[in-house]
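See structure below.
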Amino acid sequence: MNADRNNDTWDPLADSSEDKRRAERQPRTPQSASPSYRLAYADEDFLCRDELRPVRLQLELLKPEMILAEAGIRSTVVMFGGARIPEPGKAPWAAKNETQERNLTEASRYYDEARNFARLCSTHSQETGGREFVVVTGGGPGVMEAGNRGAHDVGAKSIGLNVVLPHEQAPNAYVTPEFSLNFHYFAIRKMHFLMRAKAITIFPGGFGTLDELFESLTLIQTQRMEHVPLILFGSEFWHSIVNFQALADFGTISPEDLDLIEFVDTADEAWAIIARHYALA
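Just so it is clear: in the sequence shown, position 89 is 70 by the working numbering, and no numbers are missing.
If you want it as structure tokens, here you go:
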């Protein structure tokens, strides 16, 4: 056994990965083949037990954080939005009737705006060595694909935070492979969306997008996170879906809470808000 140094700190203890390999090479006997004999950290059945949920939550928080920190990523621009919005010229695969087909086809313009916006963010990110304003999406299709694709267009890296769902899915082809991350827990995934966020952009979407919108708004409203730009793409869509003014008129939010939200219709408008907020050239 050779002692090694880790992060400039002397570490004379055996390496866990090497011990895992040693355990796998041990002779097969009834004793060594028993599940009880497995190393705890290498025993997937053990790690998936209900009692280990606190450990799994911790691991899901830790693994992506280590990956992004080691890559030197300091800040992100979050892009939330619907998976069902098609690329212009492609059929709306999720449409269940003629009305949805018409609406989703018209909404394809948001795919283009998301892609353009990601290009703007990623062009600036490249000027920081890919450390600031890195695009992060949910890693799936629709608006998410457009965001990662826009970063890819300008040769920039981008992040995809996927989540395990009942139907088969895979990360979109434009997520940077080393920043393609997968989650079991929605809550931990949402934490990672916001932990480095310098701006939050929200495109038209469904329940998941609304959940992400209101979670972000609540954290900003209650001053649990910085008042970063929170930008809603598609003013007509959002004003028809949520009557924010009615909430203020009724008294369930303060009138000044409306100032937490900015509405835009184009990528240029959105980037102008971010540039102004951070006094970017």
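Even for Gly, the Cβ is constructed at its ideal location relative to N, Cα and C.
All values reported here derive from a predicted model rather than from experimental measurement.
Local Cβ density within 10 Å of residue i, reported as buried at 16 or more and exposed below that
i	result
residue 170	buried
residue 60	buried
residue 145	exposed
residue 188	exposed
residue 157	buried
residue 197	buried
residue 118	buried
residue 106	buried
Sheet register partners of residue i (DSSP bridge)
i	result
residue 198	For residue 198, which the question treats as bridged, DSSP gives no partner whatsoever.
residue 211	181
residue 162	142
residue 192	In the DSSP output, where bridge partners are listed per residue, residue 192 has none listed.
residue 243	212
Assigned secondary structure, residue i (DSSP; H/G/I helix, E/B strand, else coil)
i	result
residue 156	coil
residue 141	strand
residue 263	Only positions -18 to 262 of the chain appear in this structure, which leaves residue 263 out of reach.
residue 27	helix
residue 264	Only positions -18 to 262 of the chain appear in this structure, which leaves residue 264 out of reach.
residue 174	helix
residue 117	strand
residue -11	coil
residue 86	helix
residue 223	coil
residue 57	strand
residue 235	coil
residue 112	coil
residue 68	coil
residue 148	coil
residue 62	coil
residue 52	coil
Cβ-Cβ distance between residue i and residue j below 8 Å
i	j	result
residue 264	residue 138	Nothing about residue 264 can be reported from this structure: the residues present for the chain run from -18 to 262 only.
residue 194	residue 174	no
residue 190	residue 94	no
residue 89	residue 69	yes
residue 100	residue 135	yes
residue 79	residue 73	no
Any non-hydrogen atom of the ligand NAD closer than 7 Å to residue i Cβ
i	result
residue 21	With respect to the ligand NAD, the structure shown offers nothing to examine, as it has no ligands at all.
Inter-residue CB distance, residue i and residue j (contact presumed, cutoff 8 Å)
i	j	result
residue 214	residue 184	5 Å
residue 212	residue 237	So it is not a contact: roughly 18 Å between Cβ atoms.
residue 97	residue 121	That belief does not hold up - the Cβ atoms of residue 97 and residue 121 are roughly 19 Å apart, past 8 Å.
residue 223	residue 181	With a Cβ gap of about 16 Å, residue 223 and residue 181 do not count as contacting.
residue 155	residue 41	About 23 Å separates the two Cβ atoms, so there is no contact after all.
residue 103	residue 131	6 Å
residue 0	residue 20	7 Å
residue 201	residue 241	6 Å
residue 92	residue 127	5 Å
residue 7	residue 13	5 Å
residue 54	residue 112	6 Å
CB contact below 8 Å: residue i versus chain C
i	result
residue 228	No chain C is part of this structure, which consists of one protein chain only.
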